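J.:
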Ligand SMILES: [Zn+2]
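In this note's numbering, the protein residues as written are 621 to 1057.
1. What's the C-alpha gap between residue 947 and residue 1056?
2. May I ask whether a heavy atom of ligand 1 can be found less than 8 Å away from the beta carbon of residue 858?
3. Using a Cβ-Cβ cut-off of 7 Å (strictly less than) and excluding sequence neighbours within five positions of residue 933, which residues of its own chain qualify?
4. Alpha carbon to alpha carbon, what distance is there between residue 1018 and residue 1047?
5. Jot down the residue ranges of each uninterrupted beta strand (DSSP E) in the stretch 920-1002, minimum 3 residues, whole runs only, in chain order.
6. Distance, Cα to Cα, residue 700 vs residue 637?
7. What are the start and end residues of the alpha helix (DSSP H) that includes residue 890?
8. Excluding the 5 residues preceding and the 5 following residue 633 in the sequence, name in chain order all residues of the same chain whose CB lies nearer than 8 Å to its CB.
9. Quick one: grab the DSSP three-state call for residue 782.
10. How is the alpha helix (DSSP H) around residue 765 delimited, first residue to last?
11. For the candidate residues 765, 721 and 780, whose alpha-carbon lies nearest to that of residue 754?
12. Within its chain, find whatever has a CB closer than 8 Å to the CB of residue 765; leave out the 5 residues flanking it on each side and keep chain order.
13. Please state the DSSP three-state secondary structure of residue 1025.
14. Measure the Cβ-Cβ separation of residue 902 and residue 926 and say whether it is below 9 Å.
15. Who are residue 1005's beta bridge partners in DSSP?
16. Can you give me the C-alpha to C-alpha distance between residue 858 and residue 882, rounded to a whole angstrom?
17. Classify residue 645: buried if its beta carbon has 16 or more other beta carbons within 10 angstroms, exposed otherwise.
18. Whose C-beta lies closer than 6 Å to the C-beta of residue 796 among residues of the same chain, with five residues either side of it excluded?
19. Where does residue 832 fall in DSSP's three states?
20. With H, G and I counted as helix, E and B as strand and the rest as coil, what does DSSP make of residue 729?
21. Mind checking whether the beta-carbon of residue 751 lies closer than 8 Å to any heavy atom of ligand 1?
The following block contains the structure:
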């Protein structure tokens, strides 16, 4: 038998909703169902449809990625993706319909496949007797019957449905009798039917030691150089400043995502989409200016109180390193400040073609600007800035602890490297050092 994975979700702890794809899309949509789900804040997205996950044979479309559907208009009803914000939730009136019921009231149903001829990977979903949602994924090599019996042996299952192919898969709303499912195959082959989205309520931000996330948009990139003058190319300067900003935030325990970390195409629309999917506490877009003039300026969306606070905090740090300011301005024209959901700011550090370009024509000077930005962002987050000197002392302390552990345990340098590379390596090393005293 192949592998079976079972996930169970208590709806007191998780939001669970569905989205389905339309039957009759003829044009390529802006996004896939999975992208939609991500933007809706899903932590986990399952494919409900019957697909060959390993991409064999005629069903090589496998996962939902890349399947293309414009909206969710099925039988004239909009749901979820692309059309309205409606989410279909799992309750007694709404359930996911498959052509086959695998388990009903703890009884494995007849008619499930018992041969392996058709058994590629399957998704099953349903409800346990206690109301929890159950999602089952099996690899090829499992028959439906085997999966159902296995699940039934482990849980008290009220209902488990096998997601079957094409037109028979989807979301059924009992109240109005609609089946949100494709009724025919799309022009590119079998249409993707539906996804289930899972999001933890009161999600813990475990990746961040201080519970804060910042998104950094790095202006321009790739075939779009931005402003260029005096041997300075904006896309490169932006990246240097942004990288320094990122480094400082990370050093203070903030979780950071950058829109790009190298020279590559990176449109504002992509940045905004990525930022909104990431869901940061604050969002910063790094640019530099051109058009004659000098000085720093910051743009915020009108009425954004936190955006203004962040801009003011950054501005004062920028002034502290000797750069003048043209002030904090509001804009509805910049897509960045208009479309980011988090409080955001767009920064123009200096004029690459202006008199102040000499203040920022080295990497060290550009990084200093990034550090100034970081100080302003940290202040906005309520995090005290720690100077690198303090950090230096911490590094020395860690080095002492590593020496102690290495000698006591007779470990080689590679092993010490692995230890340190571990996410909580430093904490572990301190504990080990204390233990070997
Ligand atoms: Zn720019």
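Just so it is clear, CB atoms sit at the ideal spot from N, CA and C, and this is done for glycine as well.
Given the structure is predicted, the values throughout are model-derived calculations rather than measurements.
T.: Let's see:
1. Cα atoms of residue 947 and residue 1056: separation of roughly 56 Å, rounded to the nearest angstrom.
2. yes
3. 996, 999 and 1000
4. Each residue's Cα considered, the two are about 9 Å apart.
5. 945-950 and 964-971
6. Annotation note: pLDDT 35 at residue 700 (below 50); position unreliable, coordinate value reported separately. Residue 700 and residue 637: Cα-Cα distance of roughly 9 Å.
7. 888-898
8. 820 and 821
9. strand
10. Residue 765: member of the alpha helix (DSSP H) spanning 764-774, first to last residue.
11. 780
12. 728, 732, 733 and 734
13. helix
14. Taking the C-beta atoms as reference points, residue 926 is found nearer than 9 Å to residue 902.
15. Answer by DSSP bridge pairing: none, since residue 1005 is not bridged.
16. 11 Å
17. Reliability fails at residue 645, whose pLDDT of 44 lies under 50, so the model's placement of it is uncertain and no value is given.
18. In this predicted model, residue 796 has a pLDDT of only 40, less than 50, meaning its place in the structure is not dependable enough to derive any value.
19. coil
20. coil
21. no
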